[in-house]
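*Asks:*
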Amino acid sequence: MKKVKINKKILARESKIKDFRGDLKIIPLGGLGEIGKNCTVLEYEENGRRSIIILDLGLKFPEEDTPGIDYIIPNVSYLIDKKEDILGIFFAHGHYDHIGAIPYLIEKLGYPPLYAAPLTKGIIMKRQVEFKGLKELEIIEVSDGSEIMVGPFTLNFIHMNHNIPDSLAIKINIGGRDIFYSGDFKFDPNPLNDKPVDIGRLEQIGTEGIDLLMVDSTGAEEIGHSISESEIYENLDFIFKKAKGRIIAATFSSLLNRIQQIISLSEKYNRKIIIQGYSMKSNIEIARQLRYLKIDKKTIIDIKHMAEYPDNQITILATGAQGESNAALMKIASGEHKYINIKSGDTIIFSSSVIPGNERSVQIVKDEFYRRGAQVFHYKLMDIHAGGHGQQEDLEELIRLLRPRFFMPIHGYYSMLIAAADLAISLGIKKSNIIIAENGWIVHLDKDRIWREKKTVPSNYILVDGLGVGDVGEVVLRDRQLLSKDGIFVIIVVVDSATGKVKGSPDIISRGFIYLKESKEFLKEARKRTINIVEQITLANRRIDIDFIKNNLRDRIGEFLFFKTKRRPMVLPVVIRI
16 MKKVKINKKI LARESKIKDF RGDLKIIPLG GLGEIGKNCT VLEYEENGRR SIIILDLGLK
76 FPEEDTPGID YIIPNVSYLI DKKEDILGIF FAHGHYDHIG AIPYLIEKLG YPPLYAAPLT
136 KGIIMKRQVE FKGLKELEII EVSDGSEIMV GPFTLNFIHM NHNIPDSLAI KINIGGRDIF
196 YSGDFKFDPN PLNDKPVDIG RLEQIGTEGI DLLMVDSTGA EEIGHSISES EIYENLDFIF
256 KKAKGRIIAA TFSSLLNRIQ QIISLSEKYN RKIIIQGYSM KSNIEIARQL RYLKIDKKTI
316 IDIKHMAEYP DNQITILATG AQGESNAALM KIASGEHKYI NIKSGDTIIF SSSVIPGNER
376 SVQIVKDEFY RRGAQVFHYK LMDIHAGGHG QQEDLEELIR LLRPRFFMPI HGYYSMLIAA
436 ADLAISLGIK KSNIIIAENG WIVHLDKDRI WREKKTVPSN YILVDGLGVG DVGEVVLRDR
496 QLLSKDGIFV IIVVVDSATG KVKGSPDIIS RGFIYLKESK EFLKEARKRT INIVEQITLA
556 NRRIDIDFIK NNLRDRIGEF LFFKTKRRPM VLPVVIRI
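As C-alpha cells, this is what we get:
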C-alpha cells in the first residue's frame with residue numbers, strides 16, 4: 016500500500032481553528048476498557064435545543080466473572096428521558112459487538128430510525144425476527160459515499176476494510192466540528208471479496224480538516240501491519256491442495272470474507288460444502304441474497320447427502336472455533352454429532368484467533384481432533400487468520416492521512432487505548448489534545464481543548480440472562496460467583512415450637528463444597544454446632560424467631576466452615592417450626 020509521508024512538524028501544527036457553535040458532549044456507554052459493547056452518544060445543544068445521535072449499539076459476550084450470563088449490553092438509562100431527542104442510531108458494520116443490543120434496547124430508546132449498510136441491515140432484520148413482540152424497525156440504507164443530514168448533524172460514510180463487507184467509517188460535522196469515527200478497520204491493499212480503502216479520499220478529508228479522530232484501538236499493541244487477506248488465501252490454498260480427506264473449517268459466522276475464501280477454494284478443488292451451525296447458515300443466506308457471497312448453487316449440499324461423495328470432495332464449514340460447548344465443532348470433536356465422525360486423514364482448520372478467556376476451551380477441542388487422528392491447522396502454526404483490526408502501522412497511516420487536532424482512542428482494553436495514544440503522540444499530536452476516556456465519561460470538544468466533566472453517567476453492565484434483561488444485579492452475580500467458587504452448604508433444622516428444642520438431627524446438603532460421604536466427622540460437628548446455636552437462641556428468648564435463627568446460623572456456621580476448610584460456601588439455613 017502506498018504510504019503517505021507527512022513530516023511530523025506538519026502534523027503537529029495547529030490547523031485553522033474553526034468557529035465552533037453550541038455545546039457537544041461525547042459520551043461513551045461501552046467499548047472503552049473492554050472488547051465489545053460498543054456504543055457512543057453524541058449530544059449537541061444549541062440555542063436551548065438538544066439533538067442526539069448514537070454510534071453503534073453492540074453487546075459483549077460473558078466472561079469468567081459473569082457466570083450464567085448470555086450477553087452484556089450498554090446501560091442506556093441516561094437516554095431514557097431524552098429519547099425524544101434521539102435522531103438516529105448509526106452503525107459501522109454488522110458484527111454483534113456493534114449491533115447486538117438492538118432487540119434489548121430499541122424499545123427503551125423510543126424506536127429511533129437506524130442507519131446501516133445493506134448487509135448490516137440484513138443481519139439486523141434477520142435477528143429482529145427472533146424477538147417476538149417488537150415493532151418493525153425503520154432502517155435507512157447508507158453506503159460508501161452517502162451523506163445524511165439529521166437535525167444539526169451531517170454524516171458522511173466512508174468504506175473501510177474489516178473482516179465483514181459493508182464496513183464503514185463515519186465523518187460527522189456538528190456545530191463547526193468535524194469528527195472522524197473509524198469503526199473497526201484495517202488497511203488491506205489486496206482484500207478479497209472487497210475493495211481497498213480509498214487512500215486519496217482519506218487524504219482529502221485530512222486536508223479539509225479533522226478536529227477529532229475517534230479510532231479503533233484493538234490492534235494498537237500489535238507491531239507492524241495487519242496481514243492481507245490475499246496472503247491468508249494463499250496459505251489456505253496450500254492446505255486445500257495438500258488435503259487428502261475431508262476438510263472441516265471453523266471460523267466466526269460473521270467473518271464473511273473468510274467464508275468466501277473457503278467457498279472459493281472448495282469450488283476450485285471440486286469440493287461440496289456442508290454448513291453446520293445456525294448462525295453460519297443464517298449469515299451465509301443473508302449474504303447470498305444480497306450478493307455479497309459468490310457461490311455456485313450446486314456447491315452447498317445437505318449433510319444427508321455427504322456419504323454420496325468421497326472424502327476428498329467434502330468441506331464442512333462450521334461454527335465453534337472458540338470451543339463453544341453447544342456449537343457444531345465441539346459436537347464433532349466429542350463424537351456427539353449425528354452425521355460426522357472424525358477419521359484419520361481429516362484436516363481441521365481453525366481460521367480465527369482465540370478470544371481471551373476461551374484458550375482452554377479451544378485447546379480441549381484441538382486435542383480431541385489430534386486424538387482422533389486429524390491434522391489440525393491454526394493461526395499459530397501458519398497465517399490462516401487475519402484480524403479485522405489495524406495494527407500499529409495501520410493506525411499510524413490513518414493518523415498521518417487525517418491529521419486530527421484532537422485524538423480519542425476507542426474500542427479496546429485500557430492498555431490498547433494507551434498504546435494508540437502513544438502512537439498519536441509519536442506522530443506529533445500534543446498530549447494535551449488527547450483524551451483517554453472511560454465508559455460513562457462526559458467529554459466536551461471545544462475549539463481549543465478536549466476535556467471531561469467530573470460527573471459521569473451510568474455505564475455499569477446490564478446483564479441479559481435468558482428472557483431477563485437487567486434483572487440479574489450485583490447481588491445475584493456475586494452469589495453465582497460464590498457458588499461457582501466455593502459451592503453451597505444447606506442446613507435443614509426442625510424446631511419444636513412448644514419446647515424450642517431441635518427435633519432429630521439437622522439435615523445437611525452440600526454441592527460443590529465437600530463430598531459428604533468422606534466427611535462424617537466434620538458433618539457431625541457441624542450438626543452439633545447447629546443444634547447448640549438454635550437452642551441457645553430459642554431457650555434464652557423463650558420464643559422462636561425464625562429470621563433471627565437463620566441469620567445466626569448463616570454467620571456462625573459460615574465462620575466454622577471457613578475455620579475448618581478456608582472456603583466460604585454459600586450457607587443456606589432452612590428452619591422449620593412444628
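Going by the numbering used here, the sequence shown opens with residue 16, and the numbers climb by one from there. Don't be surprised by glycine CBs; every beta carbon is placed ideally from N, CA and C.
By the three-class DSSP mapping on this structure, what secondary structure does M140 have?
*Replies:* Three-state result, M140: helix.
*Asks:* Using 8 angstroms as the threshold, is the C-beta distance between I185 and F172 below it?
*Replies:* Result yes, Cβ atoms of I185 and F172 sit closer than 8 angstroms.
*Asks:* Check whether the Cβ atoms of A436 and E236 lie closer than 8 angstroms to each other.
*Replies:* Going by C-beta atoms, A436 is not nearer than 8 angstroms to E236.
*Asks:* Going by DSSP, name the residue or residues bridged to E563.
*Replies:* At residue 563 the sequence reads Phe, which differs from the Glu that was named. DSSP, once it has assigned bridges, lists no residue as partnering F563.
*Asks:* Suppose contacts are defined by Cβ-Cβ distances below 8 angstroms. Is G115 in contact with L152 by that definition?
*Replies:* Cβ atoms of G115 and L152: not closer than 8 angstroms.
*Asks:* Hey, I299 and I274: beta-carbon distance below 8 angstroms or not?
*Replies:* Yes. Within cutoff.
*Asks:* When we look at the beta-carbon of R415 and count the other beta-carbons within 10 Å, is it buried (16 or more) or exposed?
*Replies:* The residue in question, R415, is buried, as its Cβ has 16 or more Cβ neighbours within 10 Å.
*Asks:* How big is the Cα-Cα spacing for L460 and S243?
*Replies:* Computed Cα separation, rounded: 36 angstroms.
*Asks:* Could you give the DSSP three-state label for Q406: helix, strand or coil?
*Replies:* If DSSP states are grouped into helix, strand and coil, Q406 belongs with coil.
*Asks:* Between the Cα of T314 and those of I561, A439 and I331, spot the shortest distance and give me the residue it belongs to.
*Replies:* Ranking I561, A439 and I331 by Cα distance to T314 puts I331 first.
*Asks:* Restricting to runs no shorter than 3 residues, where is the beta strand (DSSP E) found entirely within the stretch 119-192?
*Replies:* Counting whole runs of 3 or more residues, the stretch 119-192 contains the beta strand (DSSP E) stretches 129-131, 154-156, 162-165, 168-174 and 183-189.
*Asks:* Under 8 angstroms between the Cβ atoms of K358 and Q328?
*Replies:* No.
*Asks:* Three-state secondary structure (DSSP) at G485?
*Replies:* The predicted model places G485 with a pLDDT of 47, which falls under 50 and marks its position as unreliable, so this point remains unresolved.
*Asks:* Sort P211, H113, I104 and Q143 by Cα distance to F168 and report the nearest one.
*Replies:* Looking at the Cα atoms, I104 is the closest of the given residues.
*Asks:* Measuring CA to CA, which of I450, K543 and E60 is closest to I572?
*Replies:* Cα-wise, what sits closest to I572 is K543.
*Asks:* Please determine if the stretch 37-46 and the stretch 89-102 are in contact, where contact requires at least 3 C-beta pairs separated by less than 8 angstroms.
*Replies:* Yes: the two stretches touch, three or more of their Cβ pairs being nearer than 8 angstroms.
*Asks:* Alpha carbon to alpha carbon, how far is E58 from V472? Give it in angstroms, no decimals.
*Replies:* Between V472 and E58, the C-alpha separation is close to 13 angstroms.
*Asks:* V230 and L410 - do their beta-carbons sit closer together than 8 angstroms?
*Replies:* Yes; because the gap between Cβ atoms is below 8 angstroms, this pair is in contact.
*Asks:* Please determine, among D193, R583, V508 and R386, the residue with the shortest C-alpha to C-alpha distance to R36.
*Replies:* Residue D193 is the option with its Cα nearest to R36.
*Asks:* Indicate the three-state DSSP secondary structure (helix, strand or coil) for K17 in the structure shown.
*Replies:* Legend: pLDDT at K17 = 42, less than 50; position of this residue unreliable, no value from coordinates given.
*Asks:* I need the DSSP call for I593, collapsed to helix, strand or coil.
*Replies:* Three-state DSSP puts I593 in coil, outside helix and strand.
*Asks:* Could you check whether Y284 and F255 sit closer than 8 angstroms to each other, using their CB atoms as the reference points?
*Replies:* Their beta carbons are under 8 angstroms apart, which means F255 touches Y284 by this criterion.
*Asks:* Please confirm whether G350 and A342 have their CB atoms less than 8 angstroms apart.
*Replies:* No, the Cβ-Cβ distance between G350 and A342 is not below 8 angstroms.
*Asks:* In the DSSP assignment, find the alpha helix (DSSP H) that holds G45 and state where it starts and stops.
*Replies:* That residue, G45, is in no alpha helix (DSSP H); its beta strand (DSSP E) goes D38 to G45.
*Asks:* Distance cutoff 8 angstroms, beta carbons only. Does G103 sit that close to anything in chain D?
*Replies:* Chain labels in this structure do not include chain D; a single protein chain is all it has.
*Asks:* For F195 and P419, what's the separation of their Cα atoms in angstroms?
*Replies:* One C-alpha to the other measures close to 9 angstroms.
*Asks:* Helix, strand or coil for R303? Go by DSSP, reduced to three states.
*Replies:* Helix.
*Asks:* To the nearest angstrom, how far is it from the Cα of F392 to the Cα of V165?
*Replies:* Answer to the nearest angstrom: the Cα atoms are 49 angstroms apart.
*Asks:* So the beta strand (DSSP E) D522 belongs to, where does it begin and stop?
*Replies:* First-last of the beta strand (DSSP E) with D522: D522 to R526.
*Asks:* So the alpha helix (DSSP H) D252 belongs to, where does it begin and stop?
*Replies:* Where D252 is concerned, the enclosing alpha helix (DSSP H) stretches over E244 to K257.
*Asks:* Under a Cβ-count criterion, where at least 16 other Cβ atoms within 10 Å of its own Cβ denotes burial, should R261 be classed as buried or exposed?
*Replies:* With 16 or more Cβ atoms within 10 Å of its Cβ, R261 is classed as buried.
*Asks:* Alpha carbon to alpha carbon, what distance is there between N250 and D398?
*Replies:* Bear in mind that a pLDDT of 47 at D398, under 50, signals an unreliable position, so the number given afterwards is only what the model happens to contain. C-alpha separation (whole angstroms): 7 angstroms.
*Asks:* Decide if G125 is buried, meaning its Cβ has at least 16 other Cβ atoms within 10 Å, or exposed.
*Replies:* Under this definition G125 is an exposed residue.
*Asks:* Whose C-beta lies closer than 8 angstroms to the C-beta of L438 among residues of the same chain, with five residues either side of it excluded?
*Replies:* Within the same chain, L438 has close Cβ partners A235, Q407, L410, E411 and I414.
*Asks:* Between the C-alpha atoms of R583 and I379, what's the straight-line distance to the nearest angstrom?
*Replies:* In a straight line, the C-alpha of R583 is about 30 angstroms away from that of I379.
*Asks:* Pull up the DSSP beta-bridge partners for I262, would you.
*Replies:* Per DSSP, T330 and T362.
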